[in-house]
Amino acid sequence: MKKNKHPFGKILLILTIMFFYLPIIYMIIFSFNDGKSLTKFTGFSLRWYQHMMDSGDMMSALSTTFSVAIIATIISTIIGTITAIGLSKSKKIIRDLMEQVNNLPMMNPEIVTAIGFMLLFITFKIEKGYVTMLLAHIAFCIPYVILSVMPKIRSLDPNIADAAMDLGATPWQALTKAIVPQITPGIISGALIAFTMSIDDFIISYFVTGRGVKNLSIVVYTMSKRVNPSINAVSTLVVVIITIALVIINIAPVVASKRAKKENVGRRKFVYPATAAVCALLAIVFFVNISGNRAASKPFEGQTLHIYNWGEYTGENIINDFQKETGATVVMENFDSNEQMYIKVANGESYDILVPSDYMIQRLISEGYLQKLDHSKLDCLDKLNDGVKNLAYDPGNEYSIPYFWGTVGIIYDKTKVDIEDLKKEGYNIFLDEKYKGDIYLYDSERDSFMMALKALGYSMNTTNEKEIQEAYDWLLQCVQTMDSEIVMDEIIDNMAQGRKALGLIYSGDATYVMAENENMGYYLPESGTNLWSDAMVIPKNAKNPELAYAFINYASDYDGAYDNSSYVGYTAANKEVMDDLSKVGGEFEGINAYIPRSDNQNDEIFEYNEDTKKIISDLWSRVKIAASNAK
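Number 321 in the UniProt record's numbering belongs to position 321 of the sequence shown; there are no gaps in the numbering.
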């Protein structure tokens, strides 16, 4: 009688497979979603694949990712294999020492390795870009190849090379005919690991690249900062490419073995003409592109504009339209914090346009990193809203031209939150036990302390340590007693789905949430808020300021500003665009978050103060630790 096998193993296997593959299946399904939501399927569409194909940034990143991975894999596999063979012939003490040295890069935290590479390139004044990314990938892939090849070499007879040469083989023939075939599985294993590590890498790539060169990991990271379903499309494309590659790798040996006895003549008859046809096709495409580019002379033909902007902060068409109109090439790099942007600028990296926030512009001006604008080259000033011009951080707009502006307020679910509670309590609603476990705090030290200070009746620009300490205690109470969740941009889609009652949010994000869900509202307490603005500036070390002026004018004009604002959701600095998008029939009709408040004397613009910033940064870290401990 057969024994019944326990089904636990099979169940565990099924659950494990589901755990790994369900997120991928989910991603693939939502890559065909007609709407922008990453959680609510609204209908089948190829919209985001079209957007991906139209995005030069994404397609360039895809090309960079695979080209770097393939080249790095080939080079690191060759170097790693030769090194491993060489070590096998070395003295034991040297071999043991080098094996420990080889293990160090793999055990070292990636961020440490990344900073090391970055400092190396800065020290030797090597301009960061494609080459530096490739060199870094080769360097961190080599140890994995050595680690994979060494066990195979240890299993070989140490006299195999000598035996081959005794039989008349040259040293090269002994290597290629006797040793390499025996260790091929280890070489293939090392190559696959190297390829995977290169495709997957983000941290090292992020620190060693520059001049707009990005791999897919960097692009996906910047895309994930805001709602962008194209992230699903491009990720699905990568899954398809990898799947095809794996199928070929597994099927090719089987096919090759079946054809091993066939003559090569027929293969040559097919391969050579096919290769010639492909080359001819590529030549024709290249010629057509060159001819098309030369067909019309444009004002900035062949020039390059380098922009450093927030991730997901430009419209769908503005970059392509500007390139078509001017003949220039736009290289866009992205940052996710003003401080990250400042580090690159302070280290001397050259950009033609930056888009920092108000307080950072104040700092850049005071430290001499920006050039004064020549207003005779600008035709956009009269088109801008008066509420975002001539602000305290840049009187007379001598250094900056507004890009987006807005407020920070409370997004709330009208079906869960009583508007009278908001009017009565303002920001103190975040301490109302009625909403315990149903609130989001935003992971921003500046805006979180703004909320706490305004709730206590203080200026958000206070330098009084006693008031700052009170704000810290207020935030501690919020995270310790209210079971609040500290999030970043995931608040956008979460609130659009009504997952919590209320949260702190930027007005532009609230605009999107309200457009997606009619039950959502946006409230600005009378105690005041952060009236912020992000603006375009030209650094002193800009290499193409004339082209920078052209882009500033284009982005501030109606078409550019409309494309930006309608797609991103933040308020346009162009007055006509703001009015058109918010009027009856406009895309953001009836959405109060889109129109910044300009009649409250308690609203403030953030001012930069290094000492206060350090105090608040330290206290906010403590708040986050307290929030983690409270879970």
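For each residue, glycine too, the CB sits at the ideal point set by N, CA and C.
Note on geometry: alpha-carbon atoms of Thr42 and Phe32 lie some 10 Å from one another.
Our two residues, Tyr570 and Leu381, have alpha carbons roughly 19 Å apart in a direct line. By the Cβ rule, the region 431 to 445 does not count as touching the region 517 to 534, because fewer than three pairs are nearer than 8 Å. In the structure shown, Ala72 adopts helical secondary structure according to DSSP, grouped into three states. Check the Cα spacing between Ile318 and each of Asn564, Ile11, Val68: the tightest is with Asn564. Taken in chain order, the complete alpha helix (DSSP H) segments of 4 residues or longer contained in the region 330 to 372 are 338 to 346, 358 to 366. Cβ contact annotation for Val388 (same chain, cutoff 6 Å, sequence separation greater than five): Pro402, Trp405, Ser533, Ala573, in chain order. Asp413 places its beta carbon 9 Å or farther from that of Met514. Cβ contact annotation for Gly327 (same chain, cutoff 6 Å, sequence separation greater than five): Lys298, Phe300, Glu301, in chain order. Between Phe551 and Ile353 the beta-carbon gap is near 6 Å, inside 8 Å, which marks them as a contact. Beta-bridge partners of Ala548 (DSSP): none assigned. By the neighbour-count definition (other C-beta atoms within 10 Å, threshold 16), Glu465 is an exposed residue. Beta-bridge partners assigned by DSSP to Tyr522: Ile411.
The Cβ-Cβ distance between Ile78 and Leu87 does not fall below 9 Å. Note on the region 106 to 168: there is no whole beta strand (DSSP E) run with a minimum of 3 residues. Counting only unbroken stretches of 3 or more residues, the beta strand (DSSP E) elements lying wholly within the region 403 to 469 are 408 to 413, 439 to 442, in sequence order.
DSSP lists no beta-bridge partner residue for Tyr21. For Ile204, there is no enclosing beta strand (DSSP E); the residue is part of the alpha helix (DSSP H) that begins and ends at 203 to 208. Sorting Glu127, Asn609, Ser63, Met133 by C-alpha distance to the C-alpha of Tyr351 places Glu127 at the top. About 6 Å separates the Cβ atoms of Leu456 and Trp474, confirming a contact at the 8 Å cut-off. With a contact defined as Cβ atoms closer than 8 Å, Leu134 and Ile204 miss out at about 12 Å.
For Asp534, the enclosing beta strand (DSSP E) starts and ends at 532 to 537.
For Ala69 against Ile199, the beta-carbon gap comes to about 5 Å, under 8 Å, which counts as contact. Collapsing the DSSP output to three states places Ala572 in a strand. In the DSSP assignment, Tyr308 falls outside any alpha helix (DSSP H) and within the unbroken beta strand (DSSP E) covering 304 to 310. Under the DSSP assignment, Val487 falls in the beta strand (DSSP E) whose first and last residues are 485 to 487. The C-alpha of Tyr221 lies about 25 Å from the C-alpha of Asp321. Note that the C-beta distance between Leu216 and Thr64 is below 9 Å. By the neighbour-count criterion, in which a residue is buried when 16 or more other Cβ atoms sit within 10 angstroms of its Cβ, Lys89 is exposed.
About 38 Å separates the beta carbon of Asn347 from that of Ile24, a gap too long to meet the 8 Å contact definition. Collapsing the DSSP output to three states places Asn232 in a helix.
Tyr26 counts as exposed, since fewer than 16 other beta carbons sit within 10 angstroms of its beta carbon. When Thr407, Arg363, Gly508, Glu99 are compared, the shortest CA-CA separation from Glu607 is found for Arg363. Nearest C-alpha to Asp57 among Glu398, Ile11, Ile218: Ile218. DSSP places Tyr399 outside both helix and strand once states are collapsed to three, so it counts as coil. Measuring C-alpha to C-alpha distances from Thr481 to each of Gln173, Lys177, Asp432 identifies Asp432 as the nearest.
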